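Taken in sequence, the protein lines are chains A and P.
Everything in the first sequence is counted per this note's numbering, starting at -2 for the first residue and increasing by one.
Everything in the second sequence is counted per this note's numbering, starting at -2 for the first residue and increasing by one.
C-beta atoms are modelled at their ideal positions from N, C-alpha and C, and glycine is treated no differently.
Here the structure is a predicted model, which means the values were calculated and not measured.
In what follows, a single structure is set out as structure tokens and then discussed.
There are 2 protein chains.
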Amino acid sequence: MQEEWSELDLIRLFSGRTGAPDAKGLIKGIGDDCAIFDTPEDRSWLATTDILVENIHFDRSWHPPHLLGRKSIAVNLSDIAAMGGTPHYALVSIAVSEQLDKDWIEKWSAGAAEILEEFGCTIIGGDTVKGPALTINIVILGSGAKDRIIRRSTAAEGENIYVSGELGSAAAGLEICRAPVLFQSTAEDALQPLINKHLNPTPRVLLGQVLAASKMVGAMQDISDGIATDLAHICSQSGVGAELDADLLPGAEILGRVSQIINKEPVDLKISGGEDYELVFTVKKGRDEDLLRLLRENCGEQVYRVGRTVKGCDVRLISGEDAVNIGFKGFQHRGSGS
Amino acid sequence: MQEEWSELDLIRLFSGRTGAPDAKGLIKGIGDDCAIFDTPEDRSWLATTDILVENIHFDRSWHPPHLLGRKSIAVNLSDIAAMGGTPHYALVSIAVSEQLDKDWIEKWSAGAAEILEEFGCTIIGGDTVKGPALTINIVILGSGAKDRIIRRSTAAEGENIYVSGELGSAAAGLEICRAPVLFQSTAEDALQPLINKHLNPTPRVLLGQVLAASKMVGAMQDISDGIATDLAHICSQSGVGAELDADLLPGAEILGRVSQIINKEPVDLKISGGEDYELVFTVKKGRDEDLLRLLRENCGEQVYRVGRTVKGCDVRLISGEDAVNIGFKGFQHRGSGS
């Protein structure tokens, strides 16, 4: 349906980034009934998709279009990162309401094109239509070396659990964007990293690739719904339990102040804040030091040990003498309530 | 985003059709950050996508959910057919408004699952969210033998042009669905095939595959926007012109009566009606008889010669002594106006 208009429009919006045939395997990008591409040798394909709806997944009143374009792609790249994969191709579809001005769409697509280029990813298809509500659908196709793709289901008991960055920052940033007036007495400089984390998250693609190449990782996924929920996926699929040490969960220094203002505990933001787009992974027994050395030497990205896998099936948060089951107590977008 | 809810929901909606690992190359379907799959030997991948919005691309007041589920998939399968490919995997995303009852969604997904199964296609991912407007995004991944994928850009001068079925039926069916009161004096039996063609088109996947295997086809694409527009794509990408014989364009017998009622010429419905999802293709010089024999022996599907490619770049409609340039005068969905 709507081939003509949509293709012309996609090409206009993403001019120069819409997939000329290349050495990597793309045979035909936009412009025929389908895109055509080959598979890199010894690799399997990875496919992921997200549909994002205005006022459910994002709010245009505070989300600049350029950054929303970046984030629309980033949340999908994060899924590729979570398997240790390399992103190759994107299918970008957008339904746009009559009220939306052209300038907004152009800034959005420039942001989307920018991050796709940063991660070596080419737009090979998509669709642009009019609709009553701004709706964005992104598909990313990537690949991973056949024997190195990291799944959720392969954690074993007795492995240490790590995360790739501070938790709860994106959720705190969302609160600041929603009601900036509450934060007027707090220095803007201190808040900005939290806001950035909400508006413009960085998918951990390079880290994921290094972890996959290391063969020292048990299981991995990205943290989109909060570690309480996302780690519970690893646990239920791997048949293990997990214990998180509350004291080890990394968080921005300013998180305490923000939590106070919104009347929450910092640890709640950390475990169920959502949208951090960090990676959570387990390290095979006895390989922690080797892996940490490898990371220092290869990508310099910091990771934080936050707990361990145990016998059982629960995700428990340990603080001092207390242990609370937090499995699946994660963030849900307003759209996902039922 | 929203992994947990969406995945559980997709699995519930499409239970049993959501991709257990199989012999065809699927390694992991729904349930991890990405689906994982391998490439069939000596084949290239094909990818196509469409986003469909309520009241722009379909009208729930007359489109039964089961048939809309089928059509949502069929329009994408038609793009795979247009390259001569084989469909393998689907990514199915849907944004659903609060007002939509669960029964509707279940019937829709049953229809989608049914046609996917008919064409050997497995759901490997997707997303389900709440949104203000019912919006459906489908991606189909398929494959074609490396040297046999048929493009739009490979027609040559002096080739005969064929279509795979009657033209204008879907457009006539749409008119009947929109204003059935106008057609009360016409026998329902006679109208039903037109209505079916609009509500439940059949993608010409098998025919496309036989045409690709024959190596006798110049260029091909599916007719989604009307042959005036779709053939113009082949012409502009191949650097040829085309002449269509008005007398040769196949149409249902009842089309004359419908055209009269809606005050249009039958030929206008045929050339710019849209949504027929037939194939239009050229046959390499001198190979017509061989190809027609092959089709009779292999799939029994009828094709109709409707014109020929010529020097130039226009698509011209020849009726008697008249020749009119009709290139790109095709159907546009209400959503694609600017």
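* Asked: Where do the N-terminal and C-terminal ends of the beta strand (DSSP E) with L179/A fall, by residue?
  -> Looking at the DSSP string, L179/A is not in any beta strand (DSSP E), and its letter there is neither H nor E.
* Apart from the five residues on each side of it in sequence, which residues of its chain come closer than 8 Å, Cβ to Cβ, to D144/P? -> Within the same chain, D144/P has no close Cβ partners at all.
* Asked: Three or more beta-carbon pairs under 8 Å between the stretch 166 to 180 of chain P and the stretch 188 to 205 of chain P, yes or no?
  -> Segments in contact, yes.
* **Simplified DSSP state of W42/P, which is helix, strand or coil** => Residue state, collapsed to three classes: strand.
* Asked: Which whole-angstrom value describes the C-beta separation of V300/A and L245/A, a residue pair presumed to lie in contact below a C-beta threshold of 8 Å?
  -> V300/A to L245/A, Cβ: 12 Å. No contact.
* Round the Cβ separation of F278/A and Y159/A to the nearest angstrom and send it over; I've been treating them as touching at under 8 Å. => The Cβ separation is near 6 Å, so the contact holds.
* Asked: Nearest CA to the CA of A152/A: which residue from H230/A, V136/A and P200/A?
  -> Of the candidates H230/A, V136/A and P200/A, H230/A places its Cα closest to the Cα of A152/A.
* Closer than 7 Å by beta-carbon distance: list the chain P residues that pair up with N134/A, in chain order. => By Cβ distance, chain P contributes I48, S90 and N134.
* Proximity to E154/P [Cα-Cα], best of Q234/P, D47/P, G139/P and A92/P -> Of Q234/P, D47/P, G139/P and A92/P, the residue nearest in Cα terms is Q234/P.
* By the criterion of Cβ-Cβ separation under 8 Å, what are the contact partners of S41/P in chain A? -> For S41/P, the chain A residues whose C-beta falls within less than 8 Å of its own C-beta are I24, I33, F34 and D35, listed in chain order.
* **Contacts of T45/A in chain P (Cβ-Cβ under 7 Å)** => Simply D30, C31 and G122.
* To the nearest angstrom, how far is it from the Cα of E240/A to the Cα of D124/P? -> Straight through space, the alpha carbons of D124/P and E240/A are spaced by roughly 30 Å.
* Which ranges would you report for the beta strand (DSSP E) in the stretch 197 to 229 of chain P if only whole runs of at least 3 residues count? -> Counting whole runs of 3 or more residues, the stretch 197 to 229 of chain P contains the beta strand (DSSP E) stretches 214 to 220.
* Asked: Quick one: does G82/P have its CB under 8 Å from some CB of chain A?
  -> Chain A contact via Cβ: present.
* **A87/P versus S182/P - alpha carbon distance** => Their Cα atoms are separated by approximately 42 Å.
* Asked: Taking L314/A as the reference, which of R284/A, G236/A, I224/A and K261/A has the closest Cα?
  -> Checked all of R284/A, G236/A, I224/A and K261/A; the closest Cα to L314/A is I224/A.
* Asked: Using 8 Å as the threshold, is the stretch 195 to 212 of chain A in touch with the stretch 77 to 95 of chain A, meaning 3 or more CB pairs across them?
  -> Touching, yes, given that three or more Cβ pairs across the two stretches are closer than 8 Å.
* **Three-state secondary structure assigned by DSSP to G334/P** => Only weak support is given to the placement of G334/P: the predicted model assigns it a pLDDT of 30, under 50, and the question is left unresolved by the model.
* To do: Out of D47/A, E51/A and T83/A, state which residue places its alpha-carbon closest to the alpha-carbon of I70/A.
  => Comparing C-alpha distances from I70/A to each of D47/A, E51/A and T83/A shows the shortest one belongs to D47/A.
* To do: Drop a sphere of 10 angstroms on the beta-carbon of N260/P, count the other beta-carbons inside from all chains shown, and report buried for 16 or more, exposed for fewer.
  => By the 10 Å Cβ count, N260/P comes out exposed.
* To do: Just mark G128/P as buried or exposed, buried being the case when its beta carbon has 16 or more other beta carbons within 10 Å.
  => Counting C-beta atoms within 10 angstroms of its own C-beta, G128/P has 16 or more neighbours from the protein chains shown and is therefore classed as buried.
* Asked: Hey, would you say V214/P sits closer than 8 Å to K281/P, going by beta carbons?
  -> Yes. Within cutoff.
* To do: Using a Cβ cut-off of 9 Å, pull out every chain A residue sitting near I77/P, in sequence order please.
  => The contacting residues are D30 and C31.
* For N52/P, which residues from the same chain have a beta carbon less than 7 Å from its beta carbon, with the 5 sequence-adjacent residues on both sides left out? -> Correct list: empty, nothing qualifies.
* Asked: If contact means a Cβ-Cβ distance below 8 Å, which residues of the stretch 187 to 198 of chain P contact chain A?
  -> So nothing in the stretch comes that close.
* Going by the beta-carbon positions, is the gap between E275/A and S161/A smaller than 8 Å? -> Judged by beta-carbon spacing, S161/A lies within the 8 Å limit of E275/A, meaning their Cβ atoms are closer than that value.
* Can you say whether E95/A is buried or exposed, counting buried as having 16 or more other CB atoms within 10 angstroms of its CB? => It is exposed - the Cβ of E95/A has fewer than 16 other Cβ atoms within 10 Å.
* How close, in whole Å, do the beta carbons of P84/P and I137/P come, if the pair is a contact with beta carbons under 8 Å? -> That belief holds up - the Cβ atoms of P84/P and I137/P are roughly 5 Å apart, short of 8 Å.
* To do: Determine, using beta carbons only, whether P129/A comes closer than 8 Å to chain P.
  => Interface residue, yes.
* Pull out every residue of the stretch 144 to 160 of chain A whose Cβ sits closer than 8 Å to any Cβ of chain P, in chain order. => For the stretch 144 to 160 of chain A, the set of residues with a beta-carbon nearer than 8 Å to any beta-carbon of chain P comprises I146, R148, R149 and S150, in chain order.
* **7 Å Cβ cut-off: residues of chain A touching I53/P** => For I53/P, the residues of chain A that pass the 7 Å Cβ criterion are V126, K127 and G128, in the order they occur in the chain.
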